[in-house]
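Participant:
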Amino acid sequence: MINTNSKAITVLSKMMFVFLFLVQVEKMDAQPSDFYKQTSEIAPIIIRYNQDVHTILDFYSPRAANGFSYQPVLNSPQQRKRLNEINILYLNELTKFQFDKLQVNGQVDYLLLKNQIEGYQEELKEEDAQYQSIKPFIPFADSIYNLERVRLRGGSVDGEKIAGELHALSKYLETRLEELSKQTKIDKREAEFARGAVSALQARLQNVFKFYNDYDPMFTWWVPQTYEQLDSLLGKYAEGLAALGELRTTQKPDQSGIKGNPVGEAALNKLLRREYIPYSPQELIEIANQEFAWCDKELLKASAEMGFGSDWKKAQEQVKNSYVPVGQQPELIIKLYNDAKSFITERDWITWPELADETWGMIMMTPQRQLVNPFFTGGREISISYPTSGMSYEDKMMSMRGNNPYFSRGTVQHELIPGHHLQYFMNSRYKPYRREFRTPFYTEGWALYWELLLYENGFAKTPEERIGMLFWRMHRCARIIFSLNYHLGKWSPQECIDFLVNRVGFERANAEGEVRRSFQGGYPPLYQAAYLLGGIQIMGLKHELVDSGKMTMKAFHDAFMQENQMPIEMMRAILTNQKLSKDFKTKWKFYDFK
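Just so you know, we're using numbering that gives the first Met the number 0 here: the sequence shown kicks off at 0 and counts up by one.
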């Protein structure tokens, strides 16, 4: 039998209570830092806002062929109205927060969400202005929108009445199609928007038809033949409107066949402010010129080491001719990946997740894609650009020479780990709500930063390897120069092509593909400039935090990945624990002009 001392038990109980209390306090003290690893005070609003926008887009858009997802077509007026209301609702909700009381993660998320919503408001305003300008081409739009509105709630319909309306609309379109040949030409962008509007109406009407046909007896008896005729006419009308377009561009005339639309200086400045870049386009071009001058010096050193003196083009020519035989490029990719992996992991620069290492894929790029992507692309997988049997001899040689082992040395890790593949892997696991703030200055800047870091630390050991990596660095300098000069209206596409050939050493077909991709590939105006500029920003942040001894290289890189997508100045605010203001304006001068 145990002899219990009540006083001793009481003392022991009190000691246990104090111990548990202290443990709990310690846990509570640890919570804020753990909390901010995955979220912030504003994160729930960001998630709700983006889900609400997605819900509006999903509900008010026609179904895709699979019946589940929606077709991304032009917003209906009602849809646009609801999206604007959502934007106002969430901007008002943000005003309820005491900005100064937020942690830096919350302040950054506040500013990023506000920036996102205000940018979306501008897009919708521009979309509505375009819609109003083409309304005379689609006076029948409201009748289709009204049918769709009834269908969304499964309302009863009068099949005979609908058949009559669709028949009348078919007659109208038959007349309009005859008149289009005599119609005055309109701006190509307006014509493409009009085609998109008609195609959207066609998709919405198709959804109405699929919903009622075979389920509503009178609809099924009256409508199908009339609908099929109208559907065909809507398709022809959409193409007829597109044919009305003529290219009215401010780009300088040339014979390249590449047609884009320079956005102008005012638009560039607005886009730069949204990306938190405190430089003018002219200053960014000067940054690129200074970086180019550094590349020139490095290139001449490598050329001299190879025995070509100052004739770097001859040295580069020898490098280009080092291409591997057809069929062996995938093996080369594995070797180059392992080279970069060994170099980085031996120095313990970043966490290298085993699952990410296991699951990157590899595909061969189609000949069609190689017309606009002459080099590798990547992300979840690396897409290998190399010639196929159906290409001409000239195109085969350009593809092989342009993707030689030394040029490819700088690109494999850019596309995989620690570049884009690691980004996708980490972005889905840490603060995934911030993927809504995606920007090429983060996405492409991070991958490019590793090229800068590897070169700086001797990854390119031989002069051939240095020439290969310098090709890409010069390429990124050139992207800033030619893309901004084009959008400022100073250069034609042909001048951009010639610049890449003469100044960087591009194969001409590759240069044409690069310029076509830049101005006809659907990329935003700042996308090509974002590679090197984003890389320079991250390098500047690394100098500030790592070179000063405030963080280790690994801690810096891991933290960068775990914060997810955002403009680099906002990343700097988090990693340096800045206190921001509600009306924050970009101010970080990340480049030291020589």
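Virtual Cβ for every residue (Gly too), placed ideally from N, Cα, C.
#1: For L540 versus C476, is the C-beta spacing smaller than 9 angstroms?
#2: If S279 sits next to N268, beta carbons under 8 angstroms apart, how far is it from one beta carbon to the other, in whole angstroms?
#3: Going by beta-carbon coordinates alone, are T225 and S169 separated by less than 9 angstroms?
#4: Can you check DSSP and say which residues form a bridge with M363?
#5: Would G534 pass as a contact of W445 if the rule is Cβ separation under 9 angstroms?
#6: Whose CA, out of G548, A528, K113 and T350, lies closest to the CA of I480?
#7: Please report how far the alpha carbon of L335 lies from the alpha carbon of P523, in whole angstroms.
#8: Using 8 angstroms as the Cβ pair cut-off and three pairs as the minimum, do the stretch 248-265 and the stretch 225-234 touch?
#9: What runs of the alpha helix (DSSP H), each 4 residues or longer, lie entirely inside the stretch 376-433?
#10: What's the gap between the Cα of G326 and the Cα of E511?
#11: I'd like to know if the stretch 458-469 and the stretch 394-410 are in contact, where contact means that at least 3 CB-CB pairs between them fall below 8 angstroms.
#12: State the start and end residues of the unbroken alpha helix (DSSP H) segment that holds N268.
#13: According to DSSP, is G306 helix, strand or coil?
#14: For R62, which three-state DSSP category applies?
#15: Using three-state DSSP, classify D186 as helix, strand or coil.
#16: Rounded to the nearest angstrom, what separates L574 and L112 at their Cα positions?
#17: Relative to the C-alpha of L389, which candidate in N426, S382, Q315 and Q367 has its C-alpha closest?
#18: Using DSSP's beta-bridge definition, name the partner residues of Y69.
#19: Which two residues bound the contiguous alpha helix (DSSP H) that contains E450?
#20: Name the two residues that bound the continuous alpha helix (DSSP H) containing G512.
#21: Helix, strand or coil for E164, going by three-state DSSP, please let me know.
#22: So what's E568 in DSSP terms, helix, strand or just coil?
#23: If I measure Cβ to Cβ from V52 and keep anything under 7 angstroms in the same chain, skipping five residues before and after, which residues do I get?
#24: Identify which residue in C495, M396, I537 and V514 has its Cα closest to the Cα of P439.
#25: Kindly indicate which three-state DSSP category G256 falls into: helix, strand or coil?
#26: Rounding to the nearest angstrom, what Cα-Cα distance links I332 and L283 in this structure?
#27: Give the single residue among A266, T94 and T344 whose Cα lies nearest to the Cα of E121.
Facilitator: In this structure, then:
#1: Translated into the one-based positions of the sequence shown, residue 540 becomes position 541. Translated into the one-based positions of the sequence shown, residue 476 becomes position 477. The answer is no: Cβ separation not under 9 angstroms.
#2: The count along the sequence shown starts at 1 and reaches residue 279 at position 280. The count along the sequence shown starts at 1 and reaches residue 268 at position 269. That belief holds up - the Cβ atoms of S279 and N268 are roughly 7 angstroms apart, short of 8 angstroms.
#3: Translated into the one-based positions of the sequence shown, residue 225 becomes position 226. Translated into the one-based positions of the sequence shown, residue 169 becomes position 170. Between T225 and S169, the CB-CB gap stays under 9 angstroms.
#4: Numbered from 1 along the sequence shown, position 364 holds the residue referred to as residue 363. I383.
#5: The residue labelled residue 534 in the question sits at position 535 within the sequence shown. The residue labelled residue 445 in the question sits at position 446 within the sequence shown. Yes.
#6: As a first step, residue 480 is located in the sequence shown; it is residue number 481 there, counting from the start. Nearest Cα to I480 within the set G548, A528, K113 and T350: A528.
#7: Counted from its first residue, the sequence shown places residue 335 at position 336. Counted from its first residue, the sequence shown places residue 523 at position 524. C-alpha separation (whole angstroms): 31 angstroms.
#8: no
#9: Whole alpha helix (DSSP H) segments, 4+ residues: 392-401, 404-407, 411-414 and 419-426.
#10: Along the sequence shown, one-based indexing puts residue 326 at 327. Along the sequence shown, one-based indexing puts residue 511 at 512. For G326 and E511, the distance between alpha carbons rounds to 25 angstroms.
#11: yes
#12: Sequence index remark: in the sequence shown, residue 268 carries index 269 (1-based). For N268, the enclosing alpha helix (DSSP H) has its first and last residue at E264 to R273.
#13: Looking up residue 306 in the sequence shown gives position 307. In the structure shown, G306 adopts coil according to DSSP, grouped into three states.
#14: Numbered from its first residue, the sequence shown carries residue 62 at position 63. For R62, the secondary structure class from DSSP, reduced to helix, strand or coil, is strand.
#15: Here the question's residue 186 lines up with position 187 in the sequence shown. In this structure, D186 counts as strand in the three-state DSSP scheme.
#16: Along the sequence shown, one-based indexing puts residue 574 at 575. Along the sequence shown, one-based indexing puts residue 112 at 113. Distance between the alpha carbons of L574 and L112: 19 angstroms.
#17: Walking along the sequence shown from the start, residue 389 turns up at place 390. Checking the sequence, you will find Gly at residue 389 rather than Leu. Checked all of N426, S382, Q315 and Q367; the closest Cα to G389 is Q367.
#18: One-based indexing of the sequence shown puts residue 69 at position 70. According to DSSP, Y69 bridges with R62.
#19: Locating residue 450 in the sequence shown gives position 451, counting from the first residue. P439 to E455 is the span of the alpha helix (DSSP H), which, as asked, contains E450.
#20: For the purposes of this step, residue 512 is taken as the residue at position 513 of the sequence shown. Note, G512: alpha helix (DSSP H), R507 to Q519.
#21: Position 165 of the sequence shown holds residue 164. The DSSP-derived three-state label of E164 is helix.
#22: Working through the sequence shown from its first residue, we reach residue 568 at position 569. Looking at E568 - three-state DSSP - the assignment turns out to be helix.
#23: Within the sequence shown, the letter at position 53 stands for residue 52. Taken in chain order, the residues that qualify are L82 and I85.
#24: Within the sequence shown, residue 439 is the residue found at index 440, counting from 1. Cα-wise, what sits closest to P439 is I537.
#25: Residue 256 sits at position 257 when you count from the first residue of the sequence shown. Correct three-state label for G256: coil.
#26: Position 333 of the sequence shown, counting from 1, holds the residue named residue 332. Position 284 of the sequence shown, counting from 1, holds the residue named residue 283. Each residue's alpha carbon lies about 33 angstroms from the other.
#27: By 1-based counting over the sequence shown, the position of residue 121 is 122. Residue A266 is the option with its Cα nearest to E121.
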